[in-house]
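Under this note's numbering, the first residue of the first sequence carries the number 37, and numbering increases by one thereafter.
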Amino acid sequence: MSEEATDFIRQRIRQDLDQGAVEGGVVTRFPPEPNGYLHIGHAKSICLNFGVAREFGGYTYLRFDDTNPAKESDEYVESIKRDVAWLGYDWGSHLTHASDYFDQLYNFAVELIERGKAFVCSLSGEEIRASRGTLTEPGTDSPYRSRSIEENLDLFARMKAGEFADGEHVLRAKIDMASANVNLRDPVIYRIRHVEHQRTGDRWVVYPMYDFTHCICDALEGITHSLCTLEFQDHRPLYDWVLDNININFHPPQIEFSRLALEHTVMSKRLLNQMVDDAVVSGWDDPRMPTIAGLRRRGVPAAAIRDFCKRIGITKQDGLVEMALLDFCIRQVLEKSAPRGMSVLDPLPVTLTNYPDDGETLEAAWHPQNAELGNRALSFSRQLYIEREDFSEEPPKGFKRLSPGGLVRLRYGFIIQCDEVIKDADGAIVELRCRYFPESKSGSDTSGLKPKGVIHWVDAASAQPVTLRLYQQLFTDPVPDLDDLASALNPDSVVEFSGFVEAAVASSEMQHFQFERLGYYARDSELADTFNRTVTLRDSYKPG
RNA sequence: UGGGGUGUCGCCAAGCGGUAAGGCACUGGGUUUUGAUCCCAGCAUGCGCAGGUUCGAAUCCUGCCACCCCAGCCA
């Protein structure tokens, strides 16, 4: 599990290092815009950037790309810091914001104007779009393209001074309106926004655009490898153009990799935001969400997310990863670490007719393979609950649980036999009357009985009533229809049960458990007496 | 009909001219007081397609085809 990753980016970095192309160590950055919560797609980028720096002995900046105050907030900033840290990464003193560089950015823009490489354009947004041309036809020059440097300098200074309303003017790079790459058709690099910024307040009314900002921040921070997703490939010429046309002594290479796509969910902040706003989920941390906060609340360990990111690899292929891989990674971590416990989701009362009135206390290991977790006490008595699903009046062939006249072992307890099925007036089973075999006690069984199976149970008197929430895919289809999210939602993405957990689990401080035969569960971080199912156990039982 | 990318098993992914790694999933079998875990075995005569170069091609060349991204004063 510790083989070194050898994706194309790491190969490239290795090569740069070998050729002495990188002075000092490797420096990367994770640059989220604080306009939403981080999701597992961001985790891929976080693991890459922080992972690479760690492997090659460098460091990573956590840089907030906060150039669009209209969409950003401090809540998002805080959630992002929390999530990156929870994932296990430390940016140390390298916490920055694009807004930290607003003054320098402004000066570089002035420099571009002085070099005749940028101009103030007074066309409306509509007009700029119309003159940009199409994918197959070149655009046409703005009538303001030939403004004098002096006029541009004056106008830009007045833009900054707040003399104009939003949209009245923009600053554009003067590149090539006929370029086959539309990003190079005199892109807007500054716009006027009379909007309060969460960090700089009302100090600025002109804000730099991503394409102008990102490359400069990368250069100022000495980022040796600027890693981003594929959709920015067409922006790379612009990234390079900006750095080539200002007086700056560092020029990071931009390297793109494919973003993560996961089956049965969506990975766009816009859509996730919409689901939160529409209240189809309880919030950004709803356990069904692909957000880091949602996964955490569902009980997914950070180590599982890191392992997942490592297993999917880094390439330029547009893949669609199956949820089964994430589930595998989660189970693998929890299998080793989660203490075992018993819970009954859908209780069916069982009375042990030949068991004495006084109960007894049994002992069970918290983990079958990890003795370090120790043991817990398990109370056993005449009145128990078993899982309704574990009893069948007419068992299908291959059924290994309880049926009339049949034997089954109660895990860690005794072997029982079902003598009588009690039903109510509607014919619904309300109780099972069983006998137990005193000499079949777990660990000291001399009964010679060989039941077909083992089932879980809880003691009726001491078990704690709890709410159990079982989660499934948020969307029914592997690739949900993004145009109709509402009807693409899986109606059974969360199913709630009122069940029980054994007393030792209820009184424990531990957060994650494997409820035997049911799955891995985690205590909900907000709601008392509530457990979220993190993932089911693997199940090779094929009925029929 | 412009530009930029990508095509290796159901999914992810190694491979970088010397004769197809690995993981997930799946299928068998063994162990098991979780139908779990664990263990063992199986799972691409073929790398989008068609040609070509070569003693030898998934790897090089040519031509097709398919899919993804781009026309925000978003990032």
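Think of the CB as a built atom: it goes at the ideal place given N, C-alpha and C, for glycine as much as any other residue.
Cβ shell of residue i (< 8 Å), same chain only, five flanking positions each side left out
i      : result
Ile491 : Ile422, Glu423, Asp426, Arg437, Leu438, Val444, Arg445, Leu446, Arg447 and Arg553
Pro326 : His75, Ile76, Gly77, Leu298, Thr301, Val302, Met303, Leu308 and Leu510
Met245 : Thr103, Pro223, Val224, Ile225, Tyr226 and Arg227
Phe473 : Phe450, Ile451, Ile452, Gln453, Ser483 and Leu485
Thr176 : Ser167, Gly169 and Met213
Glu147 : Ile282 and Asn283
Pick from the options that is closest to residue i, judged by C-alpha positions
i      : options                           : result
Ser304 : Val63, Asn71 and Asp54            : Asn71
Leu381 : Ala407, Cys454 and Gln500         : Gln500
Thr566 : Ile458, Arg333 and Pro375         : Arg333
Gln547 : Asp462, Asp481, Lys578 and Pro375 : Pro375
Ile45  : Tyr73, Ser81, Arg471 and Gly60    : Ser81
Cys345 : Arg50, Ser523 and Phe86           : Phe86
Arg569 : Gly555, Leu563, Gly203 and Thr327 : Gly555
Leu123 : Gln47, Leu171, Glu114 and Ala340  : Ala340
Gly377 : Glu538, Gly93 and Thr572          : Glu538
Ala496 : Gly535, Ile348, Leu98 and Pro431  : Gly535
Val63  : Thr42, Val88 and Pro404           : Val88
Asp43  : Leu141, Ile348, Ile185 and Val231 : Ile348
Cys264 : Arg239, Arg295 and Ile282         : Arg295
Asp575 : Ser561, Ala360 and Pro440         : Ala360
Leu266 : Lys352, Glu186 and Val146         : Lys352
Thr172 : Glu187, Ser215 and Tyr137         : Ser215
Val58  : Arg48, Gly128 and Phe66           : Arg48
Leu573 : Ile366, Gly441, Gly489 and Asp513 : Ile366
For residue j and residue i, the rounded distance between their alpha carbons
i      : j      : result
Lys486 : Gly449 : 14 Å
Phe100 : Glu69  : 6 Å
Gly258 : Leu414 : 59 Å
Gly335 : Tyr557 : 7 Å
Asp190 : Phe200 : 12 Å
Phe416 : Val457 : 21 Å
Glu150 : Glu162 : 27 Å
Leu370 : Val316 : 29 Å
Glu111 : Gly198 : 28 Å
Asp343 : Pro383 : 36 Å
Asp363 : Val571 : 7 Å
Ala522 : Asp528 : 13 Å
Asp139 : Met195 : 14 Å
Met213 : Val241 : 27 Å
Val502 : Thr96  : 43 Å
Ile435 : Leu563 : Residue identity differs from the one stated: residue 435 is Phe in this sequence, not Ile. If I take the Cα positions, the gap works out to 36 Å.
Glu399 : Ala540 : 11 Å
Asp314 : Ser109 : 19 Å
Leu131 : Arg235 : 14 Å
Chain-order list of residues whose beta-carbon lies under 7 Å from that of residue i (same chain, five-residue window excluded)
i      : result
Tyr217 : Here residue 217 turns out to be Asn, not Tyr, going by the sequence shown. Excluding sequence neighbours, Asn217 sits near Asp270 and Pro273.
Val206 : Cys157, Val224, Tyr226 and Arg227
Pro516 : Val302 and Ala524
Leu279 : Cys251, Ala255 and His287
Same chain only: Cβ atoms within 6 Å of residue i, ignoring 5 sequence neighbours per side
i      : result
Gln509 : His300 and Asn526
Pro323 : Gly330, Arg333, Arg334, Tyr507 and Asn568
Leu159 : Ser178
Val466 : Ile458 and Asp460
Ala134 : Asp101, Asp102, Thr103, Thr249 and Cys253
Gly93  : Gly61
Tyr243 : Thr103 and Arg229
Ala401 : Asn411
Gln51  : none
Cβ-heavy atom distance, residue i to the ligand NAD, below 7 Å
i      : result
Asp455 : Among the components modelled here there is no ligand, and therefore nothing to report on the ligand NAD.
- Count the CB pairs spanning the stretch 218-229 and the stretch 162-178 that are closer than 8 Å, and state whether there are at least three. Between the stretch 218-229 and the stretch 162-178 there are three or more C-beta pairs closer than 8 Å, enough to call the two in contact.
- Task: Return the chain-ordered ranges of every alpha helix (DSSP H) run that is complete within the stretch 340-387 and spans a minimum of 4 residues.
- Result: Qualifying alpha helix (DSSP H) stretches, in chain order: 359-373.
- Task: Decide yes or no for the touch test of the stretch 472-480 against the stretch 406-413: beta carbon pairs closer than 8 Å, at least 3 of them.
- Result: With a cut-off of 8 Å, the stretch 406-413 and the stretch 472-480 do not count as touching, because too few Cβ pairs lie within range.
- In chain order, which alpha helix (DSSP H) runs of at least 4 residues are fully inside the stretch 254-339? Scanning the stretch 254-339 for uninterrupted alpha helix (DSSP H) segments of 4 residues or longer gives 272-280, 305-313 and 328-334, listed from N- to C-terminal end.
- Message: Going residue by residue through the stretch 538-568, where are the continuous alpha helix (DSSP H) segments of at least 4 residues, counting only ones entirely within it?
- Response: Complete alpha helix (DSSP H) runs here, min 4: 539-542.
- Task: Decide yes or no for the touch test of the stretch 281-291 against the stretch 248-266: beta carbon pairs closer than 8 Å, at least 3 of them.
- Result: Yes, the stretch 281-291 is in contact with the stretch 248-266.
- Message: For the structure I just gave you, are there three or more beta carbon pairs, one from the stretch 245-259 and one from the stretch 90-108, closer than 8 Å?
- Response: Cβ pair count under 8 Å is three or more, so yes.
- Message: Quick check for students: name the residue ranges of the alpha helix (DSSP H) that lie wholly in the stretch 87-175, counting only runs of 4 or more.
- Response: Counting only runs of at least 4 residues, the stretch 87-175 fully encloses the following alpha helix (DSSP H) elements, listed from N- to C-terminal order: 110-122, 138-150 and 161-167.
- At which residue ranges does the stretch 164-229 contain complete beta strand (DSSP E) runs of 3 or more residues, listed in the order of the chain? List check, beta strand (DSSP E) in window: 206-209 and 224-228.
- Ordered list of beta strand (DSSP E) runs contained in the stretch 456-508, each at least 3 residues: Complete beta strand (DSSP E) runs here, min 3: 465-472, 493-495 and 500-507.
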